[in-house]
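Colleague: For the sequence shown, counting from 1, position 66 maps to 85 in the numbering used here; every step adds exactly one. C-beta atoms are modelled at their ideal positions from N, C-alpha and C, and glycine is treated no differently. Keep in mind that this is a model prediction, so the values were computed, not measured. The following block contains the structure, expressed as structure tokens.
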Amino acid sequence: MAFTFRGGIHPFDGKAMSKDKPIQEVFPEGEMVYPLSQHIGKPAVPIVKKGDRVLMGQKIAEADGYVSAPVYASVSGTIKGIEKRRTLTGDMVNSIILENDGLYEEAPRIPVRPIADMTRGEVINIIKEAGIVGMGGAGFPTHVKLSPKNPDKIYYVIVNCAECEPYLTSDYRRMLEDSEKLVNGLKIMLALYDHAEGILAVEDNKPDCIKKLKELTIDEARITVKELKTKYPQGSERQLIYAATKRAINASMLPADAGCIVNNVDTVCAIYNAVIEGRPLIRRVITVTGDAVRFPQNYLVPCGMSYEELLREAGGFKKEPAKIISGGPMMGFALFDLSVPTTKTSSALLCLSKDEVADSKPTHCINCGRCAEVCPGRVLPSKLADFAEHNDEERFLKYNGLECCECGCCSYVCPAKRQLTQSIKSMRKIALSHRKK
Numbered sequence: 020m021a022f023t024f025r026g027g028i029h030p031f032d033g034k035a036m037s038k039d040k041p042i043q044e045v046f047p048e049g050e051m052v053y054p055l056s057q058h059i060g061k062p063a064v065p066i067v068k069k070g071d072r073v074l075m076g077q078k079i080a081e082a083d084g085y086v087s088a089p090v091y092a093s094v095s096g097t098i099k100g101i102e103k104r105r106t107l108t109g110d111m112v113n114s115i116i117l118e119n120d121g122l123y124e125e126a127p128r129i130p131v132r133p134i135a136d137m138t139r140g141e142v143i144n145i146i147k148e149a150g151i152v153g154m155g156g157a158g159f160p161t162h163v164k165l166s167p168k169n170p171d172k173i174y175y176v177i178v179n180c181a182e183c184e185p186y187l188t189s190d191y192r193r194m195l196e197d198s199e200k201l202v203n204g205l206k207i208m209l210a211l212y213d214h215a216e217g218i219l220a221v222e223d224n225k226p227d228c229i230k231k232l233k234e235l236t237i238d239e240a241r242i243t244v245k246e247l248k249t250k251y252p253q254g255s256e257r258q259l260i261y262a263a264t265k266r267a268i269n270a271s272m273l274p275a276d277a278g279c280i281v282n283n284v285d286t287v288c289a290i291y292n293a294v295i296e297g298r299p300l301i302r303r304v305i306t307v308t309g310d311a312v313r314f315p316q317n318y319l320v321p322c323g324m325s326y327e328e329l330l331r332e333a334g335g336f337k338k339e340p341a342k343i344i345s346g347g348p349m350m351g352f353a354l355f356d357l358s359v360p361t362t363k364t365s366s367a368l369l370c371l372s373k374d375e376v377a378d379s380k381p382t383h384c385i386n387c388g389r390c391a392e393v394c395p396g397r398v399l400p401s402k403l404a405d406f407a408e409h410n411d412e413e414r415f416l417k418y419n420g421l422e423c424c425e426c427g428c429c430s431y432v433c434p435a436k437r438q439l440t441q442s443i444k445s446m447r448k449i450a451l452s453h454r455k456k
């Protein structure tokens, strides 16, 4: 039996273009750019200056406080300067610029010991020191997530293996090629919580991954491979927790409030790399795909490499792209400048031709209710969009607008082609900013 949640949709998945392409390591030659804000929290603070020579895996920026994360050089070379550069979201962010020397000389690794000889605090400190953040998109520092107020009340450690976003196959390839590393990364996290059960939550459209993970965990009493129904947004944190554990959380709660810790595949592999091998987070797997890409592929990419150089690795365009997206088509960011750098949270570069991009104009709502039927947050998207468009924050909050997870299901099914998600997302941002004051 496959587990699931209420609502959701079944969009064209587009994964066939890259799912059977093994991960290829890339070695950039161009300038590397390291934004100091690749995570939620305070930006990192530079500890290098112009003219310094640095090695691959050397720390170049220190975490500024508890909710922050250090940044490491992913190649060797010389620091060109520290200046504001544009990121994939369009923001201008203080960044360290590194001239890549192409030598890839490695710095000494983070000191580690056998995990059995380390305390819980020592393990979490290594994860913090390695600069690991949530690599599924949010970028929340992982050491903070792994440090709940009551560790004894964590009952589930969940690895998000759903990868429900269309076109993306980086987690799929990780599960196949680095499955032992993934399982051992989960075991590291389980060592932090005495009462927790480990769950590898995989959508049932990945039978090869399910088979391999079950074989590796057959003798692991604390680990279960749980098959989830293939449906978008199965990988959304709240929906994943409900499907895997039947525990419900709302927008005001953290997963730890329901006794859960959730991390995605790449993050768990990064935890293994740090705790067992002493490697900081300097690379991640990125899918380059779409019908406009000449050779769709999954790449192991040094963070800081430009999307432009990464696209060249995939042969460039074979068609004129009508839309270029960092991430997936449902929750990604439209890119207007390919010179921006990849970061710890980059998961995909999606290039679609006009054949794959809808060209439609919004019309008036016909009150069909489809948006409410598919909404996994159980809100009324058409109403919330109306309130957002009229700047009515009071009614937006009264109708539980903060429960929206910005998955895009409502916009996808709307026959009137209203920009529901975009309107709601804008008002959520305003409402959340007012709450912080």
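1) Give the secondary structure of Tyr291 by DSSP, where H, G and I count as helix, E and B as strand, and everything else as coil.
2) State the CB to CB distance for the pair Thr188 and Ser37, rounded to an integer number of angstroms; the pair is presumed to be in contact (CB under 8 Å).
3) Going by the CB atoms, is the gap between Leu421 and Ser430 shorter than 8 Å?
4) For Gln316, which residues does DSSP report across the bridge?
5) Hey, quick one: how far does the alpha helix (DSSP H) through Val142 stretch, first residue to last?
6) Whole angstroms are fine: how far does the CA of Val163 sit from the CA of Tyr85?
7) Per DSSP, Glu216 is paired with what?
8) Which residues bound the alpha helix (DSSP H) around Ile229?
9) From the DSSP output, in three-state form, read off Glu328 for me.
10) DSSP beta-bridge partners for Leu247?
11) DSSP state of Cys180, grouped into three classes?
12) For a test of the three-state rule: what should DSSP assign to Thr286, helix, strand or coil?
13) How many Å lie between Glu412 and His453 at the Cα?
14) Could you round the C-beta distance between Ala311 and Pro274 to whole angstroms and report it? I think they count as a contact, below 8 Å.
15) Which same chain residues end up closer than 8 Å to Gly156 when comparing Cβ atoms and leaving out the 5 residues on each side of it in sequence?
16) Applying the 10 Å Cβ sphere with the 16-neighbour rule, what's the burial state of Cys433?
17) Following the continuous alpha helix (DSSP H) through Ala391, name the residue where it begins and the one where it ends.
18) Using the three-state DSSP reduction, which class does Leu421 fall into: helix, strand or coil?
19) Using a Cβ-Cβ cutoff of less than 6 Å, which residues in the same chain neighbour Tyr318 once the five nearest sequence positions on both sides are dropped?
20) Roughly how many angstroms lie between the CA atoms of Thr97 and Gln57, to the nearest whole one?
21) Could you have a look at Val73 and say whether DSSP puts it in helix, strand or coil?
22) Is Ile385 helix, strand or coil when you go by DSSP?
23) Could you say which of Leu416, Arg397, Gly396, Pro395 lies nearest to Asp461 if we only look at CA atoms?
24) Using DSSP with H/G/I as helix, E/B as strand and the rest coil, what is Leu371?
25) State yes or no: is the C-beta of Glu92 within less than 8 Å of the C-beta of Val73?
26) Locate the alpha helix (DSSP H) running through Thr264, then write down its first and last residues.
27) Decide if Gly140 is buried, meaning its Cβ has at least 16 other Cβ atoms within 10 Å, or exposed.
28) Would you mind giving the Cβ-Cβ distance between Val244 and Asn179, rounded to the nearest angstrom? I have them listed as a contact below 8 Å.
29) Check whether the Cβ atoms of Asn283 and Met111 sit closer than 8 Å, and answer yes or no.
30) For Leu122, tell me which candidate among Val142, Ile129, Ser95 has the shortest Cα-Cα distance.
31) DSSP state of Ala80, grouped into three classes?
32) Give, in chain order, every unbroken run of the beta strand (DSSP E) that is at least 3 residues long and sits entirely within the segment 86–161.
33) State whether the segment 165–174 contacts the segment 326–335, with contact taken as three or more CB pairs (one from each stretch) at a distance under 8 Å.
34) Do Tyr291 and Lys200 have their C-beta atoms within less than 8 Å of each other?
35) What residue range is occupied by the uninterrupted beta strand (DSSP E) comprising Met51?
36) Would you report the Cα separation of Lys40 and Leu247, rounded to the nearest angstrom?
Modeller: Quick answer:
1) helix
2) 5 Å
3) no
4) Val307
5) 139–148
6) 8 Å
7) Tyr175
8) 226–235
9) helix
10) Phe22, Glu222
11) strand
12) helix
13) 10 Å
14) So it is not a contact: roughly 37 Å between Cβ atoms.
15) Gly346, Met350, Thr364, Ser366
16) buried
17) 389–393
18) helix
19) Gln43, Val45, Ile305
20) 21 Å
21) strand
22) coil
23) In this structure the chain extends from 20 to 456, so residue 461 is not present and cannot be described.
24) strand
25) A small correction: the amino acid at residue 92 is Ala; Glu does not occupy that position in the sequence shown. Yes; because the gap between Cβ atoms is below 8 Å, this pair is in contact.
26) 256–264
27) exposed
28) Not really, about 13 Å apart at Cβ, beyond 8 Å.
29) no
30) Ser95
31) strand
32) 96–105, 111–119
33) no
34) yes
35) 51–54
36) 24 Å
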